[in-house]
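Residue numbers (my numbering): 6 to 158.
We treat Cβ as the ideally placed atom computed from N, Cα and C, and that holds for glycine.
If you're wondering where the values come from, they're calculated on a predicted model, not measured in any experiment.
For reference, the structure discussed in these notes is given below.
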C-alpha cells in the first residue's frame, strides 16, 4: 500500500499547480518567479538562506510525493522547478527583465538537461534526484545571467 502525504503533495505540486494538465513544469516555474520576486525584498544573506532552506524542503517533500505517486519525478511534482527558478536568479536584482530571462534560461536548461543535470536526475535517489537536476539547470541559467551582467552591465 502506498503511503499518503497530503501536505507533502500540496507542497510538492506547488500549491496544486502541478495538477494543471498543460505544462505543469512551466506553471511550477512561474511559482518560482513569484517567490523569487518576494525573496528579492529580503537582505541578500536572508535571501540565500531562504533559497537553501527551500531547496532542502523541496528534496524532502518531493521524496514523499514520489512515494505517494509511485513514480520517480512524476510530472505533478513541480516544486523542483520552483526551487530551480530561485537558484537561477539568486544573487541578482529581481527586475522584470532578469526574472523574465531567468525564467526563459531556466526552462531551456531544465528541458535540455545538459551534463550533469540529466545524470543527477536519473541516478540520485528520491527527492534528491528530483530536485538536483533542476538546481543544476538553475545554476546554468544563473551563470549565463551573471556573465551577461558582467560583460554587458
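Express the C-alpha separation of residue j and residue i in angstroms, rounding to a whole number.
{"i": "residue 6", "j": "residue 33", "result": "Any answer about residue 6 is weak, because its pLDDT of 39 lies below 50 and its placement is not dependable; what the coordinates show is given next. The alpha-carbon atoms of residue 6 and residue 33 are separated by roughly 28 Å."}
{"i": "residue 75", "j": "residue 130", "result": "13 Å"}
{"i": "residue 55", "j": "residue 44", "result": "8 Å"}
{"i": "residue 86", "j": "residue 68", "result": "15 Å"}
{"i": "residue 9", "j": "residue 71", "result": "10 Å"}
{"i": "residue 114", "j": "residue 148", "result": "12 Å"}
{"i": "residue 24", "j": "residue 49", "result": "33 Å"}
{"i": "residue 142", "j": "residue 127", "result": "14 Å"}
{"i": "residue 158", "j": "residue 53", "result": "23 Å"}
{"i": "residue 73", "j": "residue 19", "result": "16 Å"}
{"i": "residue 30", "j": "residue 59", "result": "17 Å"}
{"i": "residue 144", "j": "residue 61", "result": "16 Å"}
{"i": "residue 57", "j": "residue 37", "result": "14 Å"}
Considering only the alpha carbon of each residue, which of the options lies closest to residue i?
{"i": "residue 40", "options": "157, 88, 114 and 154", "result": "88"}
{"i": "residue 136", "options": "65, 9 and 42", "result": "65"}
{"i": "residue 92", "options": "138, 18, 22 and 17", "result": "138"}
{"i": "residue 152", "options": "117, 133, 94 and 116", "result": "94"}
{"i": "residue 125", "options": "16, 146, 140 and 38", "result": "140"}
{"i": "residue 77", "options": "150, 16, 132 and 14", "result": "132"}
{"i": "residue 35", "options": "112, 15 and 13", "result": "112"}
{"i": "residue 63", "options": "14, 51 and 46", "result": "14"}
In terms of residue numbering, what span does the alpha helix (DSSP H) encompassing residue i cover?
{"i": "residue 3", "result": "Outside the shown range of the chain, which is 6 to 158, sits residue 3, and nothing can be said about it."}
{"i": "residue 120", "result": "Segment: none, residue 120 is in no alpha helix (DSSP H) and carries neither H nor E."}
{"i": "residue 11", "result": "11–17"}
Do the region 116–131 and the region 99–106 meet, that is, are 3 or more Cβ pairs less than 8 Å apart?
-> Flag = no, the region 116–131 and the region 99–106 do not touch.
Decide if the region 68–81 is in contact with the region 91–100; the criterion is three or more beta carbon pairs, one per stretch, under 8 Å apart.
-> Segments in contact, no.
Taking only runs that begin and end inside the region 42–115, name each unbroken alpha helix (DSSP H) of 4 or more residues, in chain order.
-> Positions of the alpha helix (DSSP H) runs, each at least 4 residues long and wholly inside the region 42–115, are given as 49–74 and 84–93 in order along the chain.
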